[in-house]
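Numbered by UniProt numbering, the letters in the sequence shown go through residues 1 to 252 in order.
Ideal Cβ placement from N, Cα and C applies to all residues, glycine included.
Take a look at the structure set out below.
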Amino acid sequence: MATESTPSPSDTSSPAASNPSSPSIPPLNYLIQAISIKLDSENFLVWQKQVDPLLESQELFDYVDPKSSPPPSHVLESSSNLIIPNPAYQHWKKVDKALITFLQATFTSTLLAQTPKFQSSRELYRYLESTFASQVTARQHHLQLQLQTIQKGSLTISEYIAKIKSIADALANTPAPVSDSKLVHDTLRGLGSDYDPFVTAIETRDTLPSFAQLHPLLLNHEMRLLHSHSASNDNNSAASFPTKANPMVGFQ
């Protein structure tokens with residue numbers, strides 16, 4: 001929590017404490033429009049990936065960074081030897097209140113209604129991090145389990161690859177994105193017995209194909225399987241078709 005501070009002896013010899021080069025907040029509309037999503041219970045990491053660089057680009061990240069401290073609320077004026085309000089703190093407080101407004105403007109209405117009131121943007125930001133940390137971890141584990149147990153089943157190759165890519169894209173927005181090689185291995189594992197020869201051929205290569213390269217290879221194998229099954233069905237139909245006896249046989 002950011003707290004107001006009183007001057008210490010070091011404050012009297014630090015001109016920067018009373019006249020720091022403090023950033024001014026840009027128009028709030030500019031900041032709000034730079035964030036393309038509304039924060040909800042599912043997208044904190046994506047939201048954070050947009051908010052943090054924006055604050056850093058405007059030299060405002062110190063306001064939410066727990067490693068930074070606000071200027072002291074009062075300073076010792078050397079000419080009068082009196083403790084007076086610190087203009088730098090007043091400026092900091094003004095910018096900080098504007099940042100609270102900015103952050104809350106990026107929330108969904110549901111999240112905004114559930115969020116307590118805070119006195120500083122730092123308190124608000126830390127609350128968001130702690131609130132969503134467990135949710136992010138739980139979602140990450142759920143997605144990892146989905147990827148490890150996925151099965152092609154009756155899906156087409158295109159449907160199967162699209163499902164895997166959707167999981168991988170979601171994992172990319174967690175602290176544990178999936179590597180391309182693991183994505184390939186998980187894809188091969190869930191193909192089913194029809195693809196055993198294909199899987200063996202891929203896994204015995206000197207270099208494993210990338211996930212992007214694997215897709216067209218799977219499509220080609222799928223086409224071969226469909227053609228093979230179609231030809232097999234045609235042969236079975238021909239073999240089961242009854243042959244009519246020639247009624248003239250034996251009557252010549």
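Open item on the list: Please give the ranges of any alpha helix (DSSP H) in the segment 110–163, keeping only runs that are unbroken, at least 4 residues long and fully inside the region.
Closed with: 121–149
Task: Beta-carbon proximity check, ILE157 vs GLY190, cutoff 7 angstroms - done: no
Open item on the list: Under DSSP, the alpha helix (DSSP H) around VAL75 begins and ends at which residues?
Closed with: Run containing VAL75: none in the alpha helix (DSSP H); it sits in the beta strand (DSSP E), 74–77.
- [ ] Note down the Cα distance separating residue 254 from MET223, rounded to an integer number of angstroms.
- [x] Because the chain here runs from 1 to 252, residue 254 falls outside it and cannot be looked at.
Task: First through last residue of the alpha helix (DSSP H) which encompasses PRO66 - done: It is not in any alpha helix (DSSP H) - PRO66 carries neither H nor E in the DSSP assignment.
- [ ] Provide the residue(s) that pair with GLU177 in DSSP beta bridges, ordered along the chain.
- [x] Checking the sequence shown, residue 177 turns out to be Pro, not Glu. PRO177 pairs with nothing; no bridge assigned.
Open item on the list: Could you tell me the alpha carbon to alpha carbon distance between PRO71 and LYS94, rounded to whole angstroms?
Closed with: 13 angstroms
- [ ] Report the rounded CA-to-CA distance for ALA113 versus SER80, giving the unit in angstroms.
- [x] 48 angstroms
- [ ] Would you mind sorting ALA16 into buried or exposed? The rule is 16 or more other CB atoms within 10 Å of its CB.
- [x] In this prediction, ALA16 has a pLDDT of 39, which is less than 50 and means its spatial position is unreliable; what the coordinates show is noted afterwards. Classification for ALA16: exposed.
TODO: Excluding the 5 residues preceding and the 5 following PHE211 in the sequence, name in chain order all residues of the same chain whose CB lies nearer than 6 angstroms to its CB.
DONE: ASP180, LEU183, VAL184
- [ ] Give the DSSP bridge partners of PHE211, in chain order.
- [x] None; PHE211 has no bridge partner.
Open item on the list: Please return the same chain residues whose Cβ sits closer than 6 angstroms to the Cβ of HIS221, not counting the five positions on each side in sequence.
Closed with: PHE198
TODO: Return yes when the Cβ of LEU60 is within less than 7 angstroms of the Cβ of PRO23, no when it is not.
DONE: yes
Task: C-alpha gap between LEU147 and THR204, whole angstroms - done: 22 angstroms
Open item on the list: Does the segment 28–40 come into contact with the segment 91–109, if we say contact requires no fewer than three beta-carbon pairs (one atom in each stretch) closer than 8 angstroms?
Closed with: yes
TODO: Pull up the DSSP beta-bridge partners for PRO216, would you.
DONE: According to DSSP, which records beta bridges pairwise, PRO216 is partnered with nothing at all.
TODO: Reducing DSSP to helix, strand and coil, say where LEU191 ends up.
DONE: coil
Task: Close beta carbons around PRO26, own chain, < 8 angstroms, minus the five adjacent residues each side - done: GLN58
Open item on the list: Taking the alpha carbon of PRO175 as the reference point, which residue from ASP194, LEU143, ILE164 has its own alpha carbon closest?
Closed with: LEU143
Task: Span separating the alpha-carbon of SER69 from that of PHE118 - done: 17 angstroms
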